[in-house]
Every structure is written in structure tokens, then in C-alpha cells.
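Below is one structure, written out as C-alpha cells, with a few remarks after it.
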Ligand code: SF4
Ligand code: SF4
């Protein structure tokens, strides 16, 4: 096979796709209509519905978060900012000692830096982070892409219900049943 064969094949695919985009009516109706032939969606005039598990935005379940910092330390972009303080909590059993637990003061995610890798959601041991497919939160000011705790908690309303597990598969017990 000639060394040029793959390049010629690639150019052929590109040319066919370009023709399909420019002339969606084919050779019978060779009128250029690139807006009809394009496979891309003309956002914001047209919108696609992402799948339920699309990585749109991360939501926080504040009650589940122990401010353990695992997500923040695992984030490759260092775009999760957490602050907390210790509070006394009642003992687990009658007659036990009062416990020191973390109380969350600040939980911010900077979506100007986030690369949507999902590591934070995966590593959280307490089911405090969930993906929502919501994607419409662009901002004219880049600083406004920093979502604070209140906003991250609000995103949880947009997290779809979990699908039923297949019969026989291990049931994961969620702290926040949805
Ligand atoms: S999705 Fe990835 S980059 Fe974004 S906050 Fe989570 S760990 Fe960081
Ligand atoms: S979201 Fe999860 S991993 Fe991150 S601090 Fe809270 S409990 Fe820890």
C-alpha cells in the first residue's frame, strides 16, 4: 500500500463530510444549506438534552460533607476550596464521650478551572458530591464561575434519580436516597 493511501482516504472522508454539510439535499438539489447540513447544534437557539449522567455541574449535599478535604486534595486543578471548624457533637451511645466533628464553613468550586474529570465525585467517601447534567451556567465575568456552598447545594435539585440496580447486583446504600 502506498504511503499516501491513508492520507488520500482521510481527505476523501473530509470531502464527503464537507459536501454533505454544504449540500444536504445531495446532487439532485445542489443548493448550499450549511446550517441544515451541519451536525452541530446552533446553541443557544437549539438545545440538546444531555444524558442523565452527563458531567454538567457538581452538586453538594452539605449534610453529608465532613470537610475531610479528600476531594480538594485529589483535584488535579486545585479548584475546590474548603474551610471548616471543629464542633462538639453528642456521643454516639448513652454515657459516651462528646465527639469532635468538622462543620463546613466554606465549599467553593471554581468552574473556570475545573476540567470536569470527576475525580472529586469518585473519591468522596461520604456521598456528598453528585453530577448534575445541567450545563447552562456560563457567565460574562469569569469570577462568577466560582460557585459557593449555597449554589452547589441548590444544584442538587437538578440531579436525576438513580436508575434501578440490575437484579443480583450489589445495592449501594446511599445516605441521600433520591
Ligand atoms: S471535576 Fe476534577 S477538576 Fe473539577 S473540581 Fe472535581 S476533581 Fe477538580
Ligand atoms: S465533599 Fe466528600 S471528599 Fe470532599 S470534603 Fe466533603 S466529605 Fe470530604
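Residue numbers (this note's numbering): 1 to 178. We treat Cβ as the ideally placed atom computed from N, Cα and C, and that holds for glycine.
Around the C-beta of residue 147, are 16 or more other C-beta atoms found within 10 angstroms, so that it is buried, or is it exposed? buried
Under a Cβ-count criterion, where at least 16 other Cβ atoms within 10 Å of its own Cβ denotes burial, should residue 5 be classed as buried or exposed? exposed
Inter-residue spacing [alpha-carbon to alpha-carbon] between residue 153 and residue 47: 25 Å
Taking buried to mean at least 16 other C-beta atoms within 10 Å of its own C-beta, is residue 162 buried or exposed? With a threshold of 16 other beta carbon atoms within 10 Å, residue 162 falls short and is exposed.
Closest residue to residue 118 among 112, 76, 142 (Cα-Cα distance): Among 112, 76, 142, the Cα nearest to that of residue 118 is on 76.
So, do the region 59-77 and the region 30-48 have three or more beta carbon pairs nearer to each other than 8 Å? no
Quick one: using the 10 Å Cβ neighbour count with 16 as the cut-off for buried, is residue 143 buried or exposed? Exposed, by the Cβ-count rule.
Considering only their Cβ atoms, is the gap separating residue 24 from residue 33 smaller than 9 Å? yes
Alpha-carbon spacing of residue 70 relative to residue 167, whole angstroms: Each residue's Cα considered, the two are about 32 Å apart.
Delimiting residues of the beta strand (DSSP E) encompassing residue 39: Boundaries cannot be given for residue 39, as no beta strand (DSSP E) includes it and DSSP labels it neither H nor E.
Separation of residue 14 from residue 127, as counted between CA atoms: Looking at the two C-alpha atoms, the distance is approximately 45 Å.
In this structure, does DSSP put residue 13 in helix, strand or coil? In the three-state reduction of the DSSP assignment, residue 13 falls in the helix class, which pools H, G and I.
DSSP bridge partner residues for residue 87 (one or two, in chain order): 101
Around the Cβ of residue 159, are there at least 16 other Cβ atoms within 10 angstroms (buried) or fewer (exposed)? buried
Who are the near neighbours of residue 31 in its chain, counting only those whose CB is closer than 8 Å to its CB and skipping five residues on each side? 23, 25
Rounded Cβ spacing between residue 140 and residue 56 (contact assumed at less than 8 Å): Contact between residue 140 and residue 56 is ruled out by a C-beta separation of about 20 Å, above the 8 Å threshold.
Do residue 121 and residue 107 count as a contact pair if the criterion is CB distance below 9 Å? no
For the alpha helix (DSSP H) that contains residue 123, what are its first and last residues? First-last of the alpha helix (DSSP H) with residue 123: 119-123.
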